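Reviewing the structure listed below.
Number of protein chains: 2
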Amino acid sequence: MTLRQLRYLLAIVDNGLNITAASEKLYTSQPGVSKQIRLLEEELDLRLFERKGRSLASVTPAGEEVVARARTVLQEIDNIRTLALNTRHEADGTLAIGTTHTQARYVLPEVIARFREHYPNVALELHQGTSEQLADMVEAHQIDFAIATGGQDLFADLVMLPCYRWDRTILVPREHELARLDGPLTIDALARHPLVTYVFSFSGESSLKKAFAAEGLTPDVVFTARDADVIKTYVRMGMGVGIVASMAHDCGDDLVAIDAEGLFPRSTTWIGFRRDTVLRRYMSHFMELFAPHLTDALVQRCLAAADQSGVDAIFRDVDLPLRGGCGQAPADAD
Amino acid sequence: MTLRQLRYLLAIVDNGLNITAASEKLYTSQPGVSKQIRLLEEELDLRLFERKGRSLASVTPAGEEVVARARTVLQEIDNIRTLALNTRHEADGTLAIGTTHTQARYVLPEVIARFREHYPNVALELHQGTSEQLADMVEAHQIDFAIATGGQDLFADLVMLPCYRWDRTILVPREHELARLDGPLTIDALARHPLVTYVFSFSGESSLKKAFAAEGLTPDVVFTARDADVIKTYVRMGMGVGIVASMAHDCGDDLVAIDAEGLFPRSTTWIGFRRDTVLRRYMSHFMELFAPHLTDALVQRCLAAADQSGVDAIFRDVDLPLRGGCGQAPADAD
DNA sequence: CGCGTTTACGTCGTTCGTAACGATA
DNA sequence: TATCGTTACGAACGACGTAAACGCG
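Top to bottom, those sequences are chains H and P. Just so you know, we're using the numbering used here here: the first sequence kicks off at 60 and counts up by one. Just so you know, we're using the numbering used here here: the second sequence kicks off at 60 and counts up by one.
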C-alpha cells in the first residue's frame, strides 16, 4: 500500500469514477492510475469498485470504508507538510475565504488590507455563497475558512469560532417620515411600513419574523435580496424601509440610519474551518486580525476540544465585540 | 513523502533513536533507513532530529509533531488492512488479551474455550499485569484488549465497555467460627477477625477500607496478595479470613464461602481497547462471548462516541449482569 | 578500537509514458 | 465511431544491500 495508491483512489472517487478524468487531475497517465488501483485491490484482496463491463459502476461498501480512511491518511500527510511550512515561517501560500456579501463588502476589506501588509506573498481568494454553499466548499477543501452568520448546524464537522455580534440597522430615505422620528423606533412603527430586507438562507429570516410575531404583528416584506447594496438601491427608490446588518451602513450613504438595537435578536458572525486541519500560521493570524479575541492560544484550545460543544464551552465567558456600521472597529458590547 | 519514510521515522523513535536497532526491527539495511530519513527531512525542509556528532540526540519539537501525525497515518493504514481482512471474513490472526489474575484464572477459561471453537486458527496471547501495566501495554500495541476492574482513569485514551459486576466472597476454613454463622454476616463480625485479601493496584483497596471506615471500624488486614489462589492457601493455613472476588470461589474448594453481597460496594469489570483502532471481527466476537450484552451493534455505537463520557451515556440504562462464583454464568443482577 | 552513522556503488524492482488493443454505447 | 479501460513494453527512477570511510567515546 502506498500513498500514491490512496491518492489515486480518492481522485477516481472524486471524479465520478472516471479514471481518465482522475489521471488528468493527477497529471499522470491513465494506465498508471488503473494499474495502481489494481495493485491496491490485489494487496488488500478486496474489490474496491463494482465494475460494469470495463468501467467502474460504483464503490463497494468496503471500498467506501477504505476511501474514508484514505481521506484521513492524506489529510494527515497534508498536515505534516503544513507543520513543516509553519515551523519554517514560510510566508507564502494561498488563503481561500468563503463568506457572504455583507462580510466581503463591508467588513473584510479593512481586515484584508492589514493582512496584506503582513503577508504580501499570500494569494487571497474570496469566494461568496450562502451558508449551505459555504459548508459544501469547506467540506470539498475549496476554501480554508467560512465566515457566516447563523446556520451553525450546517457546519457540523467544523470548528466554529464566534467573532462578533451585530444588530440590524433601519435605512430610510432622507424625506421618509421615520427619518424625522423623535423617540426610539418601535416594532409597531416598522410594521406600518413596507419593508425591504435580506433573503436569509438560514434561520435568520424567521428570527426577524419572530420578532414581529412576538408583538402580534405581521411584517409587510415587499422585497428581499441577498445583497445590502441592492436593498439600499430599492430603499432609495422609495420602495420601502430597509432592514440591513449594521455593518452594511456606510456613513457616506445618502440614507438615514436608525439604530434598531433591541428590536431584533442580536446575531453572531462565526468563522469556521475543518477540525482535522492544521492551520498555516498566516491563517491563524488572519483570524486574529478579523476577531482580535481569537488569539493563537485560544484557537489551539478550541482545536483541542473534542467537538463543537467543547468549543462553545470555551466561549461561554468570552465577551464578544459588538460591531456597528460606518466601518467602525469592533467596540465592547457592554 | 512515503509511508516507508514515516514507518522508518517511528521505528527510530521507538528504538531509542538508534538507527541500527530500528533497521533490524524493520528487516532492512541501516544505510537505507538513514537515507530515507534524510530524504524526508529534505522534502519537508525540516530537521526532525537534533544531532550530536553523527548520532541522533533527540527529536526536535517540530519532529514530535510529525511523529504524532505519522502515528495516526500508519494506524489508519493498519485499519485499512484490517477492514479488508474483516470483509473477507478472514478467520486467522492473533488476539492478545491483557488482564488480571482473577479474570485469567476464573473467568476467561470458559470464554476462551468457546472462542477457540469458533476461531481455531486465531492465536491467543494472554498477558497479565496490573491496571497500570495493562494501560501501557494497550498503548504500546502489545495487547488488543485490556480486561480489568476499576482504574478507568488510567485508560484515558481507550474505549472502556462495562462487562459485568461482581461482589466479594468471604472464604474461611471449614472449622472456622464464621463457617457456623446463622444469620447474615456483618461487617462488625468481619472486623473482629484477621483478614487476607488482595493488594489492589488501584482504587479497589480503599473502597474495601472505606466500607469498614463507614462503620467506624478498622480492618485487621494481616496479609495481602495479588492472587486469589495465594490468598486461599493462606486462608487454609488459618492465617485469617479471606476476602476475594466472587468469581474466584471454586465449588471444588475445601473452603466455606460466605456471600458478602451488600457488605462492600459492587465492582465493575471493563474491557478496553484503543479508540482509533478497527477491530478484527473475531475481536468483536470475543467481546460478545465474554459479555453477551456487548453486541456488535452496541460496540459500533460506542466507537462512534466522541469520548468516554459518550460511551458511559450509552451504558447508563444497560443492565449489567452480576457474576458469582463456581464458574457460574452471569445472571441478572435483579 | 568498537560502535554507529554516512558515503559510494552496483543491482534489482517499480513506476512512468507511449502505443496498441478491447469493450461498450 | 467515440469513449474509456486494459495490456504491453522500453526507459528512467528509486530503494535496497554490500562495502568502505568517517567520528566519537
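The beta-carbon is built from N, C-alpha and C at its ideal position, and this holds for glycine as well. Quantities reported herein were computed from a predicted structural model and do not represent experimental measurements.
Legend entry - chain P contact for E104(H) (CB, 8 Å cutoff): Sequence inspection shows Asp at residue 104(H); the Glu mentioned does not correspond to that position. Closer than 8 Å: yes.
Legend entry - Among R233(P), V181(P), F345(P), R285(P), nearest to T161(P) - alpha-carbon criterion: R285(P)
Legend entry - For L379(P), three-class secondary structure by DSSP: coil
Inset, instruction - Tell me the start and end of each unbroken beta strand (DSSP E) in the stretch 241-295 of chain P that is at least 3 residues and wholly inside, in chain order. - result: 253-257, 279-284
Legend entry - Proximal residues to A80(P) (C-beta, below 6 Å), its chain only, five neighbours per side dropped: N74
Legend entry - F323(P) - partner residues in DSSP beta bridges: E320(P)
Inset, instruction - Consult DSSP for H200(H) and reduce its assignment to one of helix, strand or coil. - result: coil
Inset, instruction - Give the secondary structure of H177(P) by DSSP, where H, G and I count as helix, E and B as strand, and everything else as coil. - result: helix
Inset, instruction - Take every Cβ of the stretch 310-323 of chain H, pair it with every Cβ of the stretch 232-250 of chain H, and state whether three or more of those distances are shorter than 8 Å. - result: yes
Legend entry - Per-residue DSSP class, three states only, for V396(P): Lying outside 60 to 393, the shown extent of chain P, residue 396(P) is not represented and no answer is given.
Inset, instruction - Name the two residues that bound the continuous alpha helix (DSSP H) containing F349(H). - result: 340-349
Legend entry - is_contact[M342(P), chain H] using C-beta, thresh 8 Å: no
Inset, instruction - Report all residues from its chain with a CB closer than 7 Å to the CB of S262(H); omit the five preceding and five following residues, and keep chain order. - result: Confidence in S262(H) is poor, its pLDDT being 49 and thus under 50, which makes the residue's placement too unreliable to answer from.
Legend entry - the stretch 121-136 of chain P touching the stretch 141-156 of chain H, judged by at least three CB pairs closer than 8 Å: yes
Inset, instruction - Please list, in chain order, all residues of the same chain as D393(P) whose beta carbon is under 6 Å from its beta carbon, the five residues on each side excluded. - result: Confidence is the limiting factor: at D393(P) the pLDDT is only 46, short of 50, which leaves the residue's position unreliable and the question unanswerable from this model.
Legend entry - K291(P) burial status per 10 Å Cβ neighbour count (16 or more: buried): buried
Inset, instruction - With a threshold of 16 other CB atoms inside 10 Å of the CB of H148(H), please say whether the residue is buried or exposed. - result: exposed
Legend entry - As assigned by DSSP and simplified to three states, the class of E100(H): helix
Legend entry - As assigned by DSSP and simplified to three states, the class of H186(P): strand
Legend entry - Range covered by the beta strand (DSSP E) that runs through V118(P): 114-118
Inset, instruction - Use the C-beta contact count for Y341(P): other C-beta atoms within 10 angstroms, 16 or more gives buried, fewer gives exposed. - result: buried
Legend entry - Under 8 Å from the C-beta of F62(H): neighbouring residues of chain P: The residue asked about is misnamed: residue 62(H) is Leu in this sequence, not Phe. Neighbours of L62(H) on chain P, chain order: M60, T61, L62.
Legend entry - Pairwise C-alpha distance: E109(H) and R97(P): 41 Å
Legend entry - beta strand (DSSP E) segment containing L362(H), residue limits: From DSSP, L362(H) is part of no beta strand (DSSP E) but of the alpha helix (DSSP H) over 355-363.
Legend entry - Residue-level contact to chain P via CB, R147(H), 8 Å cutoff: yes
Inset, instruction - Please go through the same chain and pick out, in chain order, the residues whose beta-carbon is closer than 8 Å to the beta-carbon of V255(P), but skip the five residues on each side of it. - result: V280, V281, F282, T283, A284, I290, Y293, V294, M298, G299, V300, G301, I302
Inset, instruction - Provide the residue span of the alpha helix (DSSP H) that contains E83(P), from first to last. - result: 78-84
Legend entry - Neighbour list for A143(H) in chain P, Cβ cutoff strictly below 8 Å: L103, D104, L105, A121, V125
Inset, instruction - In angstroms with no decimal places, state the Cα-to-Cα distance between I71(P) and L154(P). - result: 26 Å
Legend entry - Coil, strand or helix - G75(H) by DSSP: coil
Inset, instruction - Determine whether the Cβ of D203(P) lies closer than 8 Å to any Cβ atom of chain H. - result: no
Legend entry - A372(H) versus D288(P): straight-line alpha-carbon distance, rounded: 50 Å
Legend entry - Helix, strand or coil at L65(P) according to DSSP, with G and I counted as helix: helix
Legend entry - Whole-Å CB distance - F374(H) paired with V218(H), under 8 Å assumed: Incorrect: roughly 11 Å between the Cβ atoms, too far for contact.
Legend entry - Residues of the stretch 361-375 of chain H with Cβ closer than 7 Å to any Cβ of chain P, in chain order: A365, D366
Inset, instruction - Please name the residues in the stretch 172-202 of chain P whose beta-carbon is closer than 9 Å to at least one beta-carbon of chain H, in chain order. - result: none
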